[in-house]
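Before any comments, here is the structure.
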Amino acid sequence: MPKTWNLKIDSYYHANPQCIIATAHIDTFPTDLPLEPNIREPNRKSATYRQIFDSVTTQPEKFFSRHSGIVLCANKVKPSKNKTELELEILEASEGGSDGIINGGHTVLAFDQARNYNYNLSLARVQVTIHIGLSEESAKDIALASNTTTPVDSRSKVNARGDFDFIKQYLASLERAEDRKFRVAYYQNQSGAPRNAQCNVNHLFKLINCLDRNRYNPDGNKRTKHPTGTNTPSHITDTERQRLTLLLPLLPKSLWIEQRLYEIVQEHISNPRRKGVNDLASIDTRKNTLLLDSKYSFGFGAPTDLALPIIASYRVFLDENYNWIIPFEEFSEDFLQHLWNNYYRKYLVSEKIAGNTVGTRICRNQEIWESLYISAQSYLNQHLMKMVNSAKRQELTLTS
Numbered sequence: 016m017p018k019t020w021n022l023k024i025d026s027y028y029h030a031n032p033q034c035i036i037a038t039a040h041i042d043t044f045p046t047d048l049p050l051e052p053n054i055r056e057p058n059r060k061s062a063t064y065r066q067i068f069d070s071v072t073t074q075p076e077k078f079f080s081r082h083s084g085i086v087l088c089a090n091k092v093k094p095s096k097n098k099t100e101l102e103l104e105i106l107e108a109s110e111g112g113s114d115g116i117i118n119g120g121h122t123v124l125a126f127d128q129a130r131n132y133n134y135n136l137s138l139a140r141v142q143v144t145i146h147i148g149l150s151e152e153s154a155k156d157i158a159l160a161s162n163t164t165t166p167v168d169s170r171s172k173v174n175a176r177g178d179f180d181f182i183k184q185y186l187a188s189l190e191r192a193e194d195r196k197f198r199v200a201y202y203q204n205q206s207g208a209p210r211n212a213q214c215n216v217n218h219l220f221k222l223i224n225c226l227d228r229n230r231y232n233p234d235g236n237k238r239t240k241h242p243t244g245t246n247t248p249s250h251i252t253d254t255e256r257q258r259l260t261l262l263l264p265l266l267p268k269s270l271w272i273e274q275r276l277y278e279i280v281q282e283h284i285s286n287p288r289r290k291g292v293n294d295l296a297s298i299d300t301r302k303n304t305l306l307l308d309s310k311y312s313f314g315f316g317a318p319t320d321l322a323l324p325i326i327a328s329y330r331v332f333l334d335e336n337y338n339w340i341i342p343f344e345e346f347s348e349d350f351l352q353h354l355w356n357n358y359y360r361k362y363l364v365s366e367k368i369a370g371n372t373v374g375t376r377i378c379r380n381q382e383i384w385e386s387l388y389i390s391a392q393s394y395l396n397q398h399l400m401k402m403v404n405s406a407k408r409q410e411l412t413l414t415s
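Next up, the structure:
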């Protein structure tokens, strides 16, 4: 059912048949309007919020002239008989609506907090632009085009265009099928999603890109040999969406590799060779790390890209159609232990001894990516030889 909010006003006029501009009272402004069309959620720690809060509380009578105003979208707008109020009918998202605050989330949050602290806002006014009956696409277009005091990151813009929808749908189906819950931040200041970098949708892209053995093939003719430094594109084309859709079924395996590596790191630092000493570079025991799967949290901080070179080495075990040459469960744990004990642990220890931090340097270290990839090839060949020899012995046994 549509919901209604009343907006107390001094005056209003029709900018066009589907747009009303009004001068609204701040002390009664409805602060519980939905933020559905907005491309990011307000952040009370931001400079934008602090500036607005300071402006409305120190000189409320001058707020109208100093502020660019709020932009809303409503399904219907009905003026009262005495023209001192506007009744806004808002459709919820489940009803197919994109109504609510398009631009001005920080402003409305500042109003709410100022009233909670009992500031006198009786003289404060704000300009409100109300678009009537906008489509979802139009609401997002206005949200993207609206002037903001602070820049909107590219991830939020991609999300506002709906380019992440196919990922959201896949994760929703995976949650239902496997009884798991993901925590992914698709836009700035998203409530309910951790600020941890491993829970950013950008990290999800990196995880699946690491297993693209067709795009990143050191044995091919392409210049890009390894998926180092992959970022979320500013726009997801149809071609890119098709590629990523093929890779998405590999996401659970990428997640498993990352989770298992973090468990191994946790075991290592929990039982150090020298008591109280952490010998791994960039592993901070004073911090915590959350992963995309909500079941996994760890008592140490780690570089966002820590697991990427190891995940990327697993693409050796995929064919051109992204099918595993060997069943994943048959080699995944043993291979990960092989990489950790023979390469990766030694790399992190040597960097710590040298007084270095790894961080984003992991993605610029072509030597690490190359050595892990070559190790994977060697491991695969040995595994296949064992399978062949085992088959031959079995054949000899049957014929004797």
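All residue numbers for the sequence shown refer to the working numbering, where the first residue is 16 and numbers rise by one.
Built from N, CA and C at the ideal position, the CB exists for glycine as well.
For Val364, which residues of its own chain have a beta-carbon under 8 Å away from its beta-carbon, when the five flanking residues on both sides are left out?
Excluding sequence neighbours, Val364 sits near Asp294, Leu295, Ala296.
Use the C-beta contact count for Ile35: other C-beta atoms within 10 angstroms, 16 or more gives buried, fewer gives exposed.
Ile35 is buried by the Cβ-count criterion.
CA-CA distance, Val173 and Leu101?
Cα-Cα distance, rounded: 33 Å.
Taking its Cβ as the centre, do 16 or more other Cβ atoms sit within 10 Å of Asp25, making it buried, or is it exposed?
Exposed.
From which residue to which residue does the alpha helix (DSSP H) around Val364 run?
First-last of the alpha helix (DSSP H) with Val364: 360–368.
So, at 7 Å on beta carbons, what are the nonlocal neighbours of Phe350 in its own chain, with the 5 sequence-adjacent residues on each side left out?
Tyr394.
Express the C-alpha separation of Leu219 and Asn41 in angstroms, rounding to a whole number.
It is worth fixing the name first, because residue 41 is Ile in this sequence and not Asn. C-alpha separation (whole angstroms): 41 Å.
Considering only C-alpha positions, which residue in the set Thr19, Lys60, Lys91, Thr43 is nearest to Gln33?
Nearest C-alpha to Gln33: Lys91.
Would you check if the distance between the CB atom of Asn232 and the CB atom of Asn58 is smaller than 7 Å?
The answer is no: Cβ separation not under 7 Å.
Can Tyr329 and Gln274 be called in contact, C-beta distance under 7 Å?
Contact: no.
Considering only residues of the region 145–199, which uninterrupted alpha helix (DSSP H) runs meet the minimum length of 4 residues and lie entirely inside it, listed in chain order?
Listed in chain order, the complete alpha helix (DSSP H) runs (minimum 4 residues) inside the region 145–199 are 151–160, 169–175, 180–193.
So, under 8 Å CB-CB, Lys103 and Leu189 are touching, yes? Tell me the CB distance rounded to an integer number of Å.
For the record, residue 103 in the displayed sequence is Leu; it is not Lys. With 8 Å as the limit, Leu103 and Leu189 do not qualify as a contact, their Cβ atoms being about 38 Å apart.
Could you compute how far the alpha carbon of Leu138 sits from the alpha carbon of Asp127?
If I take the Cα positions, the gap works out to 16 Å.
Along the chain, where does the beta strand (DSSP E) that runs through Pro94 open and close?
Looking at the DSSP string, the run of the beta strand (DSSP E) that includes Pro94 is 91–94.
Looking only at its chain, what residues have a beta carbon closer than 6 Å to the beta carbon of Leu263, apart from the 5 residues adjacent to it on each side?
So the qualifying residues of the chain are Tyr185.
Where do the ends of the beta strand (DSSP E) carrying Gly120 lie?
From DSSP, Gly120 is part of no beta strand (DSSP E) but of the alpha helix (DSSP H) over 120–131.
To the nearest angstrom, report how far apart Phe315 and Arg301 are at their CA atoms.
Computed Cα separation, rounded: 6 Å.
Tell me the DSSP bridge mates of Lys23?
Lys23 is bridged to Glu100.
Express the C-alpha separation of Ala129 and Asn211 in angstroms, rounding to a whole number.
So the two alpha carbons sit approximately 30 Å from each other.
With 16 other CB atoms within 10 Å as the buried threshold, where does Ser171 fall?
By the neighbour-count rule (16 or more Cβ atoms within 10 Å), Ser171 is buried.
On the three-state DSSP scale, how would you describe Arg379?
Helix.
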